[in-house]
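Q: Please see the structure below; I have some questions.
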Ligand SMILES: C[S@@+](CC[C@H](N)C(=O)[O-])C[C@H]1O[C@@H](n2cnc3c(N)ncnc32)[C@H](O)[C@@H]1O
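Numbering (this note's numbering), first residue to last: 7 to 224.
What follows is the structure in structure tokens.
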């Protein structure tokens, strides 16, 4: 998702109290940012933030960090945070960065869970390494996830989903659960919070795929 250029996006996002401007400076110190010892869950490619904000509201005992590459998109999330429904949440921060650099921003084992929702499919084979579920990205996630840390991935794109299942296996991660039809899988759908894309695609009748995987144990 890349919204048209919005001139005020950069300044509004950078000035917002929930946005961490130099995230590398917080590496290993994220608990101090939140001033508690709650687990840290991150969402990579957060888009307009509906999932992250609703999760944070439902789980005040978890710290949530939303990562998004474009300020024009992140602007929508901070605007949503500023609404009456979310403005008092203490357990939310946003970071504008390319997820390629997550290991520069989080220390070893600092993150307990990673959410990937409706990640860009990069359909051309030569772009496979850019997919957020490729083994190249799993290696980066492995560095920042704690022992038994998990990855949760949802998409309506079955080709990308099958690719992701293969990559999880290839990387030696443990597949804990998966479904090709989340909204009709009672156990996996319990407590499900929909993302903007999930609302859109399931509204068109597309089934939603979901997998949960645990990082490789040494
Ligand atoms: C298709 S949208 C999905 C948005 C949201 N997760 C949802 O489900 O509604 C994918 C988002 O991931 C962001 N994104 C893609 N690659 C990224 C990367 N390497 N680092 C950070 N964000 C990324 C895009 O800018 C876009 O906003």
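Quick reminder that beta carbons are idealized off the backbone N, C-alpha and C, glycines included.
Return the first residue and the last residue of the beta strand (DSSP E) that residue 70 is part of.
A: Segment 69 to 74, the beta strand (DSSP E) holding residue 70.
Q: Taking only heavy atoms of ligand 1 into account, decide whether any of them is closer than 7 Å to the Cβ of residue 75.
A: Yes; taking the cut-off as 7 Å, the Cβ of residue 75 has a heavy atom of ligand 1 nearer than that.
Q: Is it the case that the CB of residue 51 approaches a heavy atom of ligand 1 more closely than 7 Å?
A: Checking the Cβ of residue 51 against ligand 1 gives yes.
Q: Can you check which of these residues, 16, 20, 176 and 116, is closest to residue 154 by C-alpha distance?
A: Of the listed residues, the one whose Cα sits closest to residue 154 is 116.
Q: Assuming residue 118 is part of the alpha helix (DSSP H), what are its boundary residues?
A: Element bounds for residue 118: not the alpha helix (DSSP H) but the beta strand (DSSP E), 117 to 123.
Q: Does the distance from the C-beta atom of residue 3 to that of residue 44 stay below 8 Å?
A: The question about residue 3 has no answer, for the chain in this structure spans 7 to 224.
Q: State the Cα-Cα distance for the pair residue 54 and residue 177, rounded to the nearest angstrom.
A: Between residue 54 and residue 177, the C-alpha separation is close to 30 Å.
Q: Under the three-state reduction of DSSP, which class applies to residue 107: helix, strand or coil?
A: Here residue 107 sits in helix by DSSP.
Q: Which class does residue 77 belong to by DSSP, given the choice of helix, strand or coil?
A: Residue state, collapsed to three classes: helix.
Q: Would you mind giving the Cβ-Cβ distance between residue 219 and residue 182, rounded to the nearest angstrom? I have them listed as a contact below 8 Å.
A: Their Cβ separation, rounded to whole angstroms, is 6 Å, which keeps residue 219 and residue 182 in contact under 8 Å.
Q: Tell me whether residue 146 sits in a helix, a strand or coil according to DSSP, three-state version.
A: Three-state result, residue 146: helix.
Q: When you compare only the Cα positions, how much space is there between residue 93 and residue 132?
A: So the alpha carbons of these two residues sit roughly 42 Å apart.
Q: What first and last residue would you give for the alpha helix (DSSP H) that runs through residue 154?
A: Taken as a continuous stretch (DSSP letters only), residue 154 belongs to no alpha helix (DSSP H), being part of the beta strand (DSSP E) at 151 to 161.
Q: So within the region 25 to 57, which uninterrupted alpha helix (DSSP H) runs reach at least 4 residues, ignoring any that extend past its ends?
A: Complete alpha helix (DSSP H) runs here, min 4: 36 to 40.
Q: Quick one: Cα of residue 201 to Cα of residue 223, how far?
A: Each residue's alpha carbon lies about 30 Å from the other.
Q: To the nearest whole angstrom, what separates the beta carbons of residue 100 and residue 150, a pair I think is in contact under 8 Å?
A: The Cβ separation is near 17 Å, so there is no contact.
Q: Looking at the secondary structure, which residues open and close the beta strand (DSSP E) in which residue 220 lies?
A: Start and end: 215 to 220.
Q: Take residue 179 and list the residues in its own chain whose beta-carbon comes closer than 7 Å to its own, dropping the five residues that flank it on each side.
A: These residues qualify, in order along the chain: 144, 219, 220, 221 and 222.
Q: Taking 7 Å as the cut-off, does the CB of residue 167 come closer than this to any heavy atom belonging to ligand 1?
A: False, no ligand heavy atom lies under 7 Å from that Cβ.
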